[in-house]
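Colleague: Pasting a structure below so you can have a look.
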Amino acid sequence: MNELAVLDLVLEQELDRNPDLVFLATSTPPSWRTRFGAERVRTCPISEPAMVGAALGAAMTGLRPVVDLNRASFAFLVMDQLVNHAARIHYLSDGSYRAPMVLTSATRGPQQLGPQNEQCPYGVFMQTPGVRVAVPGSATDACALLRTAVRDEQGPVLLFIAPGLADHCDLRAALAAEPQPFGVAHRVREGDAATVVAIGSAVHAATRAGDELAAEGVHVELLDPRTLVPLDLPALAASVLRTGRLVLVDDGPRSGAPAQILAALLDVPGVALALGGRIAHVSAPEVPVPSSPVLEAQYWATPERVTAAVRRLTAAA
């Protein structure tokens, strides 16, 4: 069972739990249409703007829509509906309306789908007031955050799921996961040699790196933010103030989420002084994701790259 199948089971439970929950996608399970009806489970034409526009109207009238965008890259197709309308409607209506809706999508995977389909665009949406951004690093957290998102009443939630999360998790535990509050980071491992902040699928690479470094007597503190908006800045800052070193790990570009997390951290009193420039990035190059498997292999945040970054920082002490 992969992470998408696990999330489908969670969503099915939530559809059963809340009769106001509706699901829109270009491909929907036939069993759902039979069980919940075509009014609640909508198989839509391939038009992401139409799906998100319909979801916005549904959300404003009291329903709780979930839209499956399939690939995270397709989020760029709904910028007007999401950014200019769903994220702003509470402000524009002076609090009269909200848009409690969820958009799910898959980020990058080793699938060679090319530069238009293999993207991690969550950094873009961190700059959109009114939108919450969740990028879980495990299938368990993905299930927990999905439950939280569909029960949320505030506004749009973007849930970005990395392919392969279920390969490293206890699926029974994932299915049993209770809702997880937004804005609470997960301390994956404790240590004092450096703070490693990893996002999404990069959490697994950073975990493997932490295991290798621990065997050498170098113990890093690994934090998975789980949600980028809201960001658990107090937890991240407390760790950095304690270790004095920071490694940011992401399969997206350095100019995206890593840059924004670093900017937020440097704004916390004492952090810049504690780090003293001991900062490293392990992220994707600032180029489109190549289709070639050989070239794409150079694009990932690998355990080897993470361990090398930590060794550089600790050697400079």
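Numbering (my numbering), first residue to last: 3 to 319.
Built from N, CA and C at the ideal position, the CB exists for glycine as well.
Please specify which runs of the alpha helix (DSSP H), each continuous and at least 4 residues long, are wholly inside the region 27-105, giving them in chain order.
Modeller: Listed in chain order, the complete alpha helix (DSSP H) runs (minimum 4 residues) inside the region 27-105 are 32-38, 50-62, 91-94.
Colleague: By the DSSP assignment, the beta strand (DSSP E) with I163 in it spans what residues?
Modeller: The sequence position of residue 163 within the sequence shown is 161, counting from 1. 159-163 is the extent of the beta strand (DSSP E) around I163.
Colleague: Examine the Cβ distances between the region 299-311 and the region 181-192 and report whether three or more of them are shorter than 8 Å.
Modeller: Touching, no, given that fewer than three Cβ pairs across the two stretches are closer than 8 Å.
Colleague: Can you give the Cα-Cα distance for A276 and F127, rounded to whole angstroms?
Modeller: Along the sequence shown, one-based indexing puts residue 276 at 274. Along the sequence shown, one-based indexing puts residue 127 at 125. Distance between the alpha carbons of A276 and F127 is about 29 Å.
Colleague: Comparing C-alpha positions only, which one of P131, L233, R110, P123 sits nearest to P165?
Modeller: For this step, residue 165 is matched to residue 163 along the sequence shown. Comparing Cα-Cα distances from P165 to each of P131, L233, R110, P123, the minimum goes to R110.
Colleague: Please go through the region 223-285 and give each complete beta strand (DSSP E) segment of 3 or more residues, from N-terminal end onward.
Modeller: Qualifying beta strand (DSSP E) stretches, in chain order: 223-226, 229-231, 248-255.
Colleague: With a threshold of 6 Å on Cβ separation, who are the neighbours of W34 within its own chain once the five nearest residues in sequence on each side are excluded?
Modeller: Position 32 of the sequence shown, counted from the start, is the residue given in the question as residue 34. Taken in chain order, the residues that qualify are V43.
Colleague: Does DSSP classify F25 as helix, strand or coil?
Modeller: Here residue 25 is taken as the residue at index 23 of the sequence shown, counted from 1. Looking at F25 - three-state DSSP - the assignment turns out to be strand.
Colleague: For P138, collect the residues of the same chain with a Cβ closer than 6 Å to its Cβ; drop the 5 residues on either side in sequence, then sort them by chain order.
Modeller: Position 136 of the sequence shown, counting from 1, holds the residue named residue 138. Counting only Cβ-Cβ distances below 6 Å, and skipping sequence neighbours, we find A144, L147, R228.
Colleague: Return yes when the Cβ of A195 is within less than 9 Å of the Cβ of V312, no when it is not.
Modeller: One-based indexing of the sequence shown puts residue 312 at position 310. One-based indexing of the sequence shown puts residue 195 at position 193. For V312 and A195, yes; Cβs fall inside 9 Å.
Colleague: Quick one: what does DSSP say V126 is sitting in, helix, strand or coil?
Modeller: Position 124 of the sequence shown holds residue 126. If DSSP states are grouped into helix, strand and coil, V126 belongs with the helices.
Colleague: Looking only at its chain, what residues have a beta carbon closer than 7 Å to the beta carbon of H283, apart from the 5 residues adjacent to it on each side?
Modeller: For the purposes of this step, residue 283 is taken as the residue at position 281 of the sequence shown. Excluding residues within five positions, the ones whose Cβ falls inside 7 Å are L250, R256, P260.
Colleague: State the beta-bridge partners of A200 as determined by DSSP.
Modeller: For this step, residue 200 is matched to residue 198 along the sequence shown. Looking at the DSSP assignment, A200 forms a beta bridge with V251.
Colleague: Going by the CB atoms, is the gap between D253 and A286 shorter than 9 Å?
Modeller: Here residue 286 refers to the residue found at position 284 when the sequence shown is read from its first residue. Here residue 253 refers to the residue found at position 251 when the sequence shown is read from its first residue. Contact flag set, yes.
Colleague: State the CB to CB distance for the pair R134 and V231, rounded to an integer number of angstroms; the pair is presumed to be in contact (CB under 8 Å).
Modeller: Residue numbering aside, residue 134 sits at position 132 when the sequence shown is read from its first letter. Residue numbering aside, residue 231 sits at position 229 when the sequence shown is read from its first letter. Confirmed, about 5 Å.
Colleague: Is it true that the CB of L161 sits closer than 9 Å to the CB of S107?
Modeller: On the sequence shown, residue 107 is found 105 positions in, with the first residue counted as 1. On the sequence shown, residue 161 is found 159 positions in, with the first residue counted as 1. Yes. Within cutoff.
Colleague: Whose C-beta lies closer than 6 Å to the C-beta of A176 among residues of the same chain, with five residues either side of it excluded?
Modeller: Taking the first residue of the sequence shown as position 1, residue 176 is located at position 174. The residues are V8, A141, T142, C145.
Colleague: Between the region 71-83 and the region 48-55, can you find at least three pairs of beta-carbon atoms closer than 8 Å?
Modeller: The region 48-55 is in contact with the region 71-83.
Colleague: Along the chain, where does the beta strand (DSSP E) that runs through V190 open and close?
Modeller: Along the sequence shown, read from residue 1 onward, the residue named residue 190 stands at position 188. From DSSP, the beta strand (DSSP E) with V190 extends over 188-191.
Colleague: When you compare the CB positions of V199 and L248, do they come within less than 9 Å of one another, or not?
Modeller: Position 197 of the sequence shown, counted from the start, is the residue given in the question as residue 199. Position 246 of the sequence shown, counted from the start, is the residue given in the question as residue 248. Contact: yes.
Colleague: What's the C-alpha gap between L315 and A266?
Modeller: By one-based count along the sequence shown, residue 315 stands at place 313. By one-based count along the sequence shown, residue 266 stands at place 264. Answer to the nearest angstrom: the Cα atoms are 21 Å apart.
Colleague: Please state whether the Cβ-Cβ distance between G116 and V291 is less than 9 Å.
Modeller: Working through the sequence shown from its first residue, we reach residue 116 at position 114. Working through the sequence shown from its first residue, we reach residue 291 at position 289. For G116 and V291, yes; Cβs fall inside 9 Å.
Colleague: Would you give the residue range spanned by the alpha helix (DSSP H) that R110 belongs to?
Modeller: Counting from 1 along the sequence shown, the entry for residue 110 is found at position 108. Neither: R110 is in no alpha helix (DSSP H) and is coded neither H nor E.
Colleague: Just to confirm my understanding: we take N119, look at its own chain, exclude 5 residues before and 5 after, and list those with CB closer than 7 Å. What are they?
Modeller: As a first step, residue 119 is located in the sequence shown; it is residue number 117 there, counting from the start. Once the five neighbours on either side are set aside, the close Cβ partners of N119 are R73, S75.
Colleague: Indicate the three-state DSSP secondary structure (helix, strand or coil) for V135 in the structure shown.
Modeller: Here the question's residue 135 lines up with position 133 in the sequence shown. Strand at V135.
Colleague: Which two residues bound the contiguous alpha helix (DSSP H) that contains V289?
Modeller: As a position in the sequence shown, residue 289 is number 287, starting the count at 1. It is not in any alpha helix (DSSP H) - V289 carries neither H nor E in the DSSP assignment.
Colleague: Going straight from the alpha carbon of D22 to that of G64, what length do you get?
Modeller: Working through the sequence shown from its first residue, we reach residue 22 at position 20. Working through the sequence shown from its first residue, we reach residue 64 at position 62. Those two C-alpha atoms are separated by around 8 Å.
Colleague: Please classify L94: is it buried, with 16 or more other beta-carbons within 10 angstroms of its beta-carbon, or exposed?
Modeller: By 1-based counting over the sequence shown, the position of residue 94 is 92. Looking at its Cβ environment, which holds fewer than 16 other Cβ atoms inside 10 Å, L94 is exposed.
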